[in-house]
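Protein chains in written order, with the numbering used here: chain A, -7 to 102; chain B, 309 to 480; chain C, 34 to 767; chain D, 4 to 494; chain E, 21 to 524.
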Amino acid sequence: MSLQHYLVISSILFTLGIFAVLTRKNAISILMGIELILNSCNLNFVAFSRFVKPSENIVGAGAYVLDGQIIAIFGIVLAAAEAAVFLAIILAIYREFGSIRPDEVDTLKG
Amino acid sequence: MEFPLKTLIFYGFALVTIGSALAVVTFRNIVHAAFALMVTLFGVAGLYVFLQADFLAATQVIVYVGGILVLILFGVMMTSGRLEMRIHIERGQLLLGAGISIALLALLLTVIANMPVWKNLTDDGIPHEPTTEQIGKMILQDKFLLPFEVVSVLLLVALIGAALISRKEVRD
Amino acid sequence: MVVPLISIILLAPLAAFAIFALFGLAKRSFPRQDILSTAAMLVALGCSLYLLTEVVPKPDPYTVEWISLGSVTFSMGFYLDSVTVIMLIVVTLVSSLVHIFSIGYMHGDPRYPRFFAFLSLFSFSMLFLVVSDNLLGIYIGWELVGLCSYLLIGFWFEKDSAANACKKAFLTTRVGDVGMFIGMMMLFKKFETLSLHGTNGIFTLIADPAKFTGDTSDIVWLSGAGVLIFCGAVGKSAQVPLHTWLPDAMEGPTPVSALIHAATMVAAGVYLTARMFPILTPSSSLVIAYVGGITAIVAATIAIVRFDIKRVLAYSTVSQLGFMMLALGAGSYVAGLFHLTTHAFFKALLFLGSGSVIHAFHAMHAHHDEEHAEGNQHEHDDHGLVHEHGSEIPPDQDMRNMGGLRRKMPWTFGTMLIATLSISGVPFIFSGFWSKDKILAGVLGRAMEWNSVHHYILFAVALVAAGITAFYMFRLIFMTFFGEPRNQEMHNMAHESPWVMTVPLVILAILSFPVVNTIWFNKDYIKPPDQHHVQAPQHADISPNNKTGKVDFGFSIFGISEAHAAEDESENADDAHHGHGPAHTIAMVLSIIVAGLGILLSWLFYHKRRFSAESVATTFRPVYTLFWNKYYFDEFYNGVLVALTVWKSRLFAKFDLSIIDGIVNGVATVTRAVFAAFIGFFDNRVIDGIVNRVAKVIWSVGGRIRRIQTGAIQTYLFVVLGGIVLIILIFRVL
Amino acid sequence: MEPIKNIESLAYFTPEILLVVFAAAVIILDLLVKDQESDWVAYLSLIGLGCSLIAIFITNSLVNTNEPISLFLGMIRLDEFAVFFKILLLLATAATILFSIRSEELDVRLKGEYYALLLAITFGMFLMASSTNLLMIFISLETVSLTSYILAGFLTHSPRSSEAAFKYITYGAVASGTMLFGLSLIFGMAGTGDITQISSQIASVLASGGVSALGVLIAITFILAGIGYKIASAPFHMWSPDVYEGAPIPITAFLSVASKAAGFALFLRFFRTGFDTPEILQSIDWGLLLAIVSALTMTVGNLAALPQRNVKRLLAYSSIAHGGYLLMGAVLLTSEGLSAIVFYLIVYLFMNLGAFYVVVLIANESGSEMIESYRGLSSRAPLVAGAMAIFLFSLTGIPPFAGFFGKWLLFNAVISKGLYWLAFIGLLNSVVSLYYYARIIKAMYLESAEDTDTFSFTKSTFALLSVFVVPTIFIGFLNIFYSLSAKITLQ
Amino acid sequence: MDQILLSLMIFIPLLGMIVVLLLPREQEELIKRATLAFTLIPLILAVYLFINYNTSTANTQYFVSVPWIDTFHINYHVGIDGLSVTLLLLTALLGPICVLASWRNIEKGLKAYMALFLLLETGMLGFFAALDLFLFFVFFELTLLPMYFLIGVWGGPRREYAAIKFFLYTLFGSVLMLVAIIAVYLNSGAPDARTFDIPTLITLASTPGHALADPGFQMWVFLGFFIGFAVKVPIFPFHTWLPDAHVEAPTAISVILAGVLLKMGTYGFVRINMAMFPEGLDIFTNGDGILGHSLALLGFINIVYGSFCALAQTDFKKLVAYSSIGHMGFVILGLAARNPEGINGAVLQMFNHGVISAMLFLLVGVLYDRAHHREINGFGGLGSRMPIYTGITTLAFMASLGLPGLSGFWGEALSLLGAFQEFEILTILSTIGIVVGAAYFLWTLQRVFLGALNPKYEELPEINRREIVTLVPLGILTIVLGMFPSIAINMFYVSVSNLVGIIN
């Protein structure tokens, strides 16, 4: 269970998230893809903070070990906030367009 | 040689995470996808546990599964009126998206494979301590105070914004 | 004393014109412009006569620095030698007489003041040309006389023919002028000055080995410059092949024809050639001689078959100018200039006389009214072509309407007869005989001395031309003044002109006797300039002076036979204008014989009617046709240009190609057909086309970018992530 | 210099605190007061901005300009660079608020929230301009983004606005997710989140072969996606025309100026502080990367603007193009480039906001943003037309207007590093841009309207307009702006 | 006091613009008078400068140099030498003339028209006086905007097209110039010692070993500037904007366009390309092969092309416009010669062409105002109906076709004389332009004025007093300078000698 294992997992999650975002013709599915991406990022941070030892020439590296974890916590919070707003906007879209298919929301173009 | 239980469990989690994530992006039914996402999120939480991030794992479960996922399900219901919804798939888009995703994955894997500083690192020497207290201290007393405060503003904004946008407009 | 006098001579006519112009701007005219201009001319004449007493044989120029460019300066100034003075007198005298004549002739014309103003401007320009000591000044005067010629030919511009003729005159001469300008540039490049006289003048520098080494390339350069400057003279003096404008120029009022197109401006070319005498090399001289000779014979033959009295005189002028050029080209400096002066007087007289006849046939105002009405009928063609009027002879100028006028107009007849005798070379008592004889003698002398076949040919040509001159001039006299009136109605209307018109005729008639021209025989007074700064030949063996007796065919414009300039040429130059003893005698005898023959034939044809001109014409139809069509010069110019436009014939199918007449219109037409199409194509298609194409591409790229902006968010995400992948890959590869 | 601890930092943090306080005050007071018609919330927000501005000057006076200080244990930094951007952002926000007061498309009942959000987004942008930590960078970016989404979708009864918000958030979420992934990679490679230390860390691991250049490249590109989306640089620009068209005009103006400026602040600080070492440049020529992105951005923006008929959308593309111009200054991150960007942003603030203000005015009067509604403006409202012409010519970069001077500085910076090709592309782009700007001018001056009624504007409208016109004319002539922008540096 | 004169002259029209803008738009007479006054003051000042200019030295006079944008070493540096004082006089002279020419025929937006015109005048005056490269460029571009509007708003039927074409072409040229300016600035020294000062740069560029003196560098910078100026001149193939702009522009603007704006191109070429980049100039004017003849070749093409194009026109104004292209070719040819004759001739031609083409356009305007068309073939015989007009037109035509004794001749003749020293064949070929020039002018004269009067125009009124007033000063200039060209040449030949010294 080296760092690489986690990184590979997170890379796959990231890529799957990207894939979802690109191909899913449903706004909520896109949101899910975004959540996958954010999860992969968080996983990265946590993994790095676990494995990568702070270099001795880094100033103020005292509590380094947990930096990544804390970043991940913030990441989760941000994801939640983003999801809330995203869903609110999806609802608004649904109200105005009667659909949440992203390719049907295309009055602005050109 | 010790029975690699830990390793097996790890791989199990990894498989579950990736498999369910795959399901999230492939299931044609949005509700199924949402449930698959739940599994993924649990999987990630499990991985956090492996990484000795207990507080984080708990947060993941509470916030994500308890919050975000429920929100998503609500979203599904409010936008379709029923609990199943077929996701339209377009072949060309699918292929192109797969292409780009695979390219990205290949690039990332190349990086991971060729990064000497990330190689041969183990977490063996690092003590397994509970992190909650430390995290609390760091957030409230150390350098993460500012982000913490800023995030509170952000949450407030998100709150107001979500309320603003989602509420039914009374047209005049 | 010289400078103030010359200043007066120049400024008096200029002031007359300036007054007219200033009044014109205020929309009125000076009350007596005619008196003003005439007076100005008379003042100039007086001053010129006074100058006769002032001149020393070889003066320095009076110059002021005109333009300074630091290292290079251009000066302006006067150069006054005997020739200048004589020219001044000729110009002022003829001009004064023409002024006086015009008071009568132009009376009643609606633009009467303008006519005199233009005459004044012309006189100023001509005088300026004459006195200038440098090429720049000469060129200025040169172009200004061209302008005046333009203005005066087009004086009755309501006539399309006049409008065409003036344009043709200006443009044709400008072609020559450009040659002259190129010649000037060549001289300037070599000598870094355009002054002719004085210590820094070209004529001095040409002797300076530091400036002019005299090697072959220098000689070639100088020959080229000489020929090119002569081009100016070809244009102005209506030499072949640029002679076609002069006959058309007869559309101007007759006094203008007398002054400008007979006596002065056209002679300016001769004057210029004489002025440039020192830089003429043997080969450029030979070119000049040939051009002159050809012109003399060609114009003479054309004149035989004309019926328009003014055109006969016009071709006669061309022919006589050819004589002068021939003289200068053959090295007979004095002869050329002598003929210039005598010709100025008798040809001015002939024109004024013909003007008197025309005037008699037709009152001026009537003439105008009719022309006006006629002009209105000629709508301009779409493509700017205008019918040429040359073939339609105005009735009052058609000799076939005349006859028997000698009783009705005795003064006119008498004076014109004197002029005719003079031009025909009737021996001894008429000035024309002496000057023409001098030319013939000079040419023959050069031929004998150089043993040059060219000059023998030229002598023969000149001799024939002299005979033809006598023939057609008497043809004119017989048809106009003798016999029975052909058109009784017009004849009845005819009357002798008023005294303002006849007095100038009489004065000019007096000037046609040699008495007053004796100055040309004063060797002390008039000395031809040296013409032998050209270095000794490198190839003396082919020089005609090698005394081998071999006839030299080695003529080439820029070729080796620059070597003509032999060491002992100085004596030639000196002798040439006297004529060698035997040459002079032979020439004189032959010229008397041909003149007599010419007059005799003319008498037989046109007075006695022993032979019918028509039957001769029928017999020699091809020749006659050639003459009648003026050697097809105009047609040739047009034809070549028309041929160029054949590929465009569809465009022009609706226009009758045969009406494309007049070289200027021809050129313009071709330009419009070929260049306009090309340029229009080039500007619109190529340059704008490229620009538009670029703009179009830019635009279409813009449109394409727009199309990527589909409005579907996932497209955008594809671009984002595809972009990321691409950027990474590109930089990985790099 | 040691970073200042949390509590001590608060004194330097007053401008930001004031913004939050006023935001809260606006919301609360809006709930209490029922008078919907008056604009007092807007004025209260303006007062908040004013207070913040004063606070900026006060805190700045506490700081020795030569030695910037780090606050909150290295989370943010207070230096002249940050102060400059803060002032710029305050001005942009103030202008946006003034536009909003006059704009008729905004919903009168939601004023409190609207202005509070504006203050909050300004707060986020302040942080963007001063963050020196990966986490802070991300959080501030997210704060701004999230608020922008809401503001773009603020017109809930307008499908356009909702669509804009939807596209914006989808795009933004993906871009920021990608960026976060890139940040995590950087974090993993450098072992720290403090960007002041990243450069030396990355440089040393790169030099020792511990890190592959590809890894750094991928990380940079991913981060660029996040920042590039904020500054709308190609190929991350595609959201902006749609969002700009759909959003309320004041918000469009705000996004095109403030959001972009904040993005540039972040961008400059991040790359200048984090990656501007010879070792990194040697292994990854991201200068060239930025040059290509810059060329692409301005070309795409200008070319796509050519066929537009909606002035708002046209200006959206134009602001993409201007992002490209600005990027030219960032290409090599020389101090010349930096000061050119700073100067250009000042100019851009005035001319672009001015142009949008005219769009607001015309939309108010004619109810349309289409170019047709500008026909005959020169006779219907000569002063407005004149002002618009000045803004557009300035945007084109034609002397004597400030836009020219700004562009000149940018080209100066580019050419000083020998990137002639980029300068040429930039200049050709300005020529192309003339074409579409001139279309508006043509409509205003050379065409005549069917409806010839004159527009009547109030005096305060003209006063506000002149606030934009006068600097657009004069900034270029005043040396102070040049010396000021030359002073702004990043250590 | 002397120091401020030049600046006063430059900025008085700008002040005038503000004043005019503040006047009420109904007060048309007042606006016109004010504009006239604000253009007359620069004229008076220009005449004063012209008279008091010390012709014996090539040093700049009346110069003012104050720091402006100090951060980038930009100074407000204006001054005059022989070249600029001549062109300043031309510009200042055409100012009031154009105001008078616009007196009656501006039907809408008079106030804006006059204001823009004044702005244009400031740009032109400033351009000729600027001695700081940056300032120079700013003024150069400053003329663009008013010109765009003046053509675009008050022009003919295709004004929009013409205006934008003009704008785009010029902008294209000037952006290349901007690159060159920046390159020069950046290479002018160490970051602290960089300069935009034109005299300093000229010195630096001829200092051996300096970065600016490098031939390769000079070549590219030369090209950058050249294209910028070539569009303005305009030099083939950048000329196609000119006929369109001229045809659509109102009379007064055509006058300014031909009279002054085209000169900005050649003036800039002399001031920058020739003086600052002698090495670059060397490449294009001094050497065997096509490259060494390229500039002269362009001049030749301009002459011949412009002349033939003019011959092919049937629109009076377009004819004059193309003739401008031809005549500017002589300027190029003369400049390419690089000797005193050529350059003096070129500069003289610049001034004279300014005067003559101004006259021509005014004359076309007079006719257009009366007949409301410009089709040459649609007239005929006007000579008898409008004798004074015909007379002045003949004068202008003759001057333009290079009749000696009128000013047009000297510039052409000196240019050709100079060019012949260097490029014999090309110069000889260029003389075709003289013949063709005569041809189209005479042909036009014939079609419009000679022949029988077109019955349609029997009632055409003669040129009026105001129009005569606009034409007379120009006519007097053509005649006086035709007789005494040294009046003009004395002003600048010392400067030109100095320039020749720098070049060689």
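Built from N, CA and C at the ideal position, the CB exists for glycine as well.
Which same chain residues, not among the five before or five after I428 of chain D, have their C-beta less than 6 Å away from its C-beta? A298
Output the boundary residues of the beta strand (DSSP E) element that contains V98 of chain E. I94 to I100
Which value, in whole angstroms, describes the spacing of the CA atoms of T439 of chain C and F515 of chain C? A quick correction: the sequence has Arg, not Thr, at residue 439 of chain C. Cα to Cα, the separation comes out at about 6 Å.
C-alpha gap between G77 of chain D and I478 of chain D, whole angstroms: 35 Å
At the 8 Å Cβ level, is P424 of chain B part of the contact set with chain A, yes or no? no
Can you give me the start and stop residues for the alpha helix (DSSP H) that Y95 of chain C sits inside? No alpha helix (DSSP H) contains Y95 of chain C, which is instead part of the beta strand (DSSP E) from Y95 to S101.
What is the DSSP secondary structure of I89 of chain E, counted as helix, strand or coil? strand
What residues of chain A sit near I254 of chain D, judged by a beta carbon separation below 9 Å? Simply none; closest approach about 14 Å.
Work out the CA separation of V386 of chain E and D193 of chain C for me, nearest whole Å. 25 Å
Taking the alpha helix (DSSP H) that R124 of chain E belongs to, which residues open and close that run? R124 of chain E -> no alpha helix (DSSP H), and no H or E assigned at all.
Give me the Cβ distance between L380 of chain E and I412 of chain E, rounded to the nearest whole Å; I'm assuming they're in contact under 8 Å. Going by Cβ atoms, the distance from L380 of chain E to I412 of chain E rounds to 10 Å, so no, they are not a contact pair.
Listed from N- to C-terminal order along the chain, which residues in the segment 438 to 450 of chain B have their beta-carbon within a distance smaller than 8 Å of any beta-carbon of chain D? Q449 and D450
How would you list, in chain order, the residues of chain B whose beta-carbon sits under 8 Å from the beta-carbon of L217 of chain D? L415, T418, V419 and N422
Could you check where the beta strand (DSSP E) with G90 of chain A kicks off and where it finishes? Premise fails: G90 of chain A is in no beta strand (DSSP E) and is neither H nor E.
Considering only DSSP beta bridges, list what T106 of chain C is partnered with. C:S101
So is P312 of chain B in contact with chain D if we call contact Cβ pairs under 8 Å? no
If you follow the beta strand (DSSP E) that R144 of chain C is part of, which residue opens it and which one closes it? Here R144 of chain C belongs to no beta strand (DSSP E), and DSSP marks it neither H nor E.
Quick check: is the beta carbon of L13 of chain D nearer than 8 Å to any beta carbon in chain C? no
Going by DSSP in three states, M373 of chain D sits in which element: helix, strand or coil? If DSSP states are grouped into helix, strand and coil, M373 of chain D belongs with the strands.
Under 7 Å between beta-carbons, which chain A residues line up against F452 of chain B? List them in chain order, please. I62
Examine chain E for any beta-carbon lying closer than 8 Å to the beta-carbon of A198 of chain C, and answer yes or no. A198 of chain C does not count as touching chain E.
I312 of chain C, enclosing alpha helix (DSSP H) - first and last residue: Here I312 of chain C belongs to no alpha helix (DSSP H), and DSSP marks it neither H nor E.
Per DSSP, what are the beta-bridge partners of R394 of chain B in this structure? Per DSSP, B:N337.
Based on Cα-Cα distance, which residue from B:F318, B:V324 and B:L472 lies nearest to L83 of chain A? Cα-wise, what sits closest to L83 of chain A is B:L472.
Contact check, M358 of chain C vs S270 of chain C, beta carbons under 8 Å: Cβ distance < 8 Å, so M358 of chain C and S270 of chain C count as in contact.
Chain B partners of V97 of chain A, CB-CB under 9 Å? None at all; the shortest Cβ gap to chain B is about 12 Å.
Beta-carbon proximity list for S194 of chain E, same chain, < 7 Å, skipping 5 on both sides: F160, E161 and G248
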